[in-house]
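All remarks here apply to the structure that follows.
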């Protein structure tokens, strides 16, 4: 089996080396082929597509498919190297279209497109663009069949100027509707991974979209330093002044910074915990202050009770003095009459 595959691969790369377009070698029955798709005839600064096969366009259609690999290459002693490889799995028959694509590239990315060519609708591969073109052309190996054009290269722009507009119309991107499965005990990636983005940059995993998970574990430093004796806790007046001046909490990034740079989940959780622990210290201090106020209030109430009792005693004494004064006045009046 391996020997047969090696032989097929040699045939695939050697077929049609002497230029020419869509030279086909049948490698086995049932449309398994090696196809010399041809060359970029316009040279550098060219954008192009490869027509894979015709697809359903409102009228029932026969069997069309492309299952295999497309290679594109460039390079010599006097020119830059380019290698691009795409694995296609597309088909259309009756009233249905389906397809998916996996590619390996040193630049750009292969994309599935829907195009109109000479009045027929096709699934096509958008060739990864770079100014220096694939001088060694394009090859396909796999199962393929079309009721129209099959594995045909055609340009749609050269040096910024549209070409072939009389026969070719790019309808738009084709949204893949097949699923790729990986059934392994473990998958290991040593490079950067982008999901929904071609630019993960320095991130090992970059996702342009939402993520759903049952659990995410993040390794991070924690904020228990807040509870150490040497931690300098701002008083609430200082915090208020900072918020008025800056519009955000101390040690927390601004809205502008978050929109531009995002947040580190571990670091941000640590900062939020720091603020929670600071709030806890404020609450403890407020409780102590409140307890002190309660104790002072209780003391004042005790003094007030004593003062009320003293006032009551003084009132009794005052009544007694008033009664004594009345008696003295009566005695004095009696003595004066004698």
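Residue numbers (the numbering used here): 471 to 808.
No residue lacks a Cβ here, since even glycine has one placed at the ideal position from N, Cα and C.
request  = Quick one: give me the first and last residue of the alpha helix (DSSP H) that residue 728 is part of.
outcome  = 725 to 731
inquiry  = Within 8 Å, do at least three Cβ pairs link the region 712 to 723 to the region 657 to 675?
reply    = no
Simplified DSSP state of residue 611, which is helix, strand or coil = strand
inquiry  = Checking the sheet assignment: what are the DSSP bridge partners for residue 563?
reply    = 566
query = By a C-beta neighbour count over all protein chains shown, 10 Å radius and 16 as the cutoff for buried, is residue 608 buried or exposed?
reply = buried
key: Straight-line Cα distance separating residue 495 from residue 475   = In this predicted model, residue 475 has a pLDDT of only 41, less than 50, meaning its place in the structure is not dependable; the value taken from the coordinates is given anyway. Looking at the two C-alpha atoms, the distance is approximately 15 Å.
inquiry  = Give me the DSSP bridge partner(s) of residue 573.
reply    = 556
Range covered by the alpha helix (DSSP H) that runs through residue 643 = No alpha helix (DSSP H) holds residue 643; the beta strand (DSSP E) holding it covers 638 to 643.
request  = Name the residue from 576, 569 and 589 whose alpha carbon lies nearest to the alpha carbon of residue 583.
outcome  = 569
ask   = Are the beta-carbon atoms belonging to residue 587 and residue 619 less than 8 Å from one another?
value = yes
ask   = Comparing alpha-carbon positions, which option in 592, 556, 782 and 610 lies nearest residue 572?
value = 556
inquiry  = My output table needs one value for residue 755: the three-state DSSP class, helix, strand or coil.
reply    = Helix, per DSSP.
query = CA-CA distance, residue 660 and residue 674?
reply = Between the alpha carbons of residue 660 and residue 674 lies a gap of roughly 9 Å.
query = On the premise that residue 578 lies in contact with residue 598, defined as a C-beta separation below 8 Å, what is that separation, rounded to the nearest angstrom?
reply = Between the beta-carbon of residue 598 and that of residue 578 there is about 3 Å, and that keeps the pair under the 8 Å contact cut.
task = Tell whether a beta-carbon distance below 8 Å holds between residue 526 and residue 566.
result = Yes, the Cβ-Cβ distance between residue 526 and residue 566 is below 8 Å.
request  = To the nearest angstrom, report how far apart residue 580 and residue 651 are at their CA atoms.
outcome  = 20 Å
ask   = Cβ of residue 518 within 8 Å of Cβ of residue 552?
value = no
request  = Specify, as a first and last residue, the run of the alpha helix (DSSP H) that residue 706 falls within.
outcome  = Unbroken alpha helix (DSSP H) run through residue 706: 706 to 716.
ask   = Do residue 559 and residue 543 have their C-beta atoms within less than 8 Å of each other?
value = no
ask   = Considering only residues of the same chain and omitting the five flanking positions on each side of residue 594, which have a CB-CB separation below 7 Å?
value = 519, 520, 521, 522, 583 and 585
ask   = Excluding sequence positions up to five away, which residues of its chain have a Cβ less than 7 Å from the Cβ of residue 514?
value = 601, 602 and 603
inquiry  = Helix, strand or coil for residue 511? Go by DSSP, reduced to three states.
reply    = DSSP, read as helix, strand or coil, puts residue 511 in coil.
inquiry  = Only counting the same chain, and skipping five residues up and downstream in sequence, which positions put a Cβ closer than 6 Å to that of residue 735?
reply    = 688
query = Exposed or buried, what is residue 616 when buried is set at 16 or more other beta-carbons lying within 10 Å of its beta-carbon?
reply = buried
ask   = Where does the unbroken beta strand (DSSP E) through residue 539 begin, and where does it stop?
value = Segment 531 to 546, the beta strand (DSSP E) holding residue 539.
request  = Please state if the CB of residue 693 and the CB of residue 747 are separated by a distance shorter than 8 Å.
outcome  = yes
Boundaries (first-last residue) of the beta strand (DSSP E) holding residue 665 = 663 to 665
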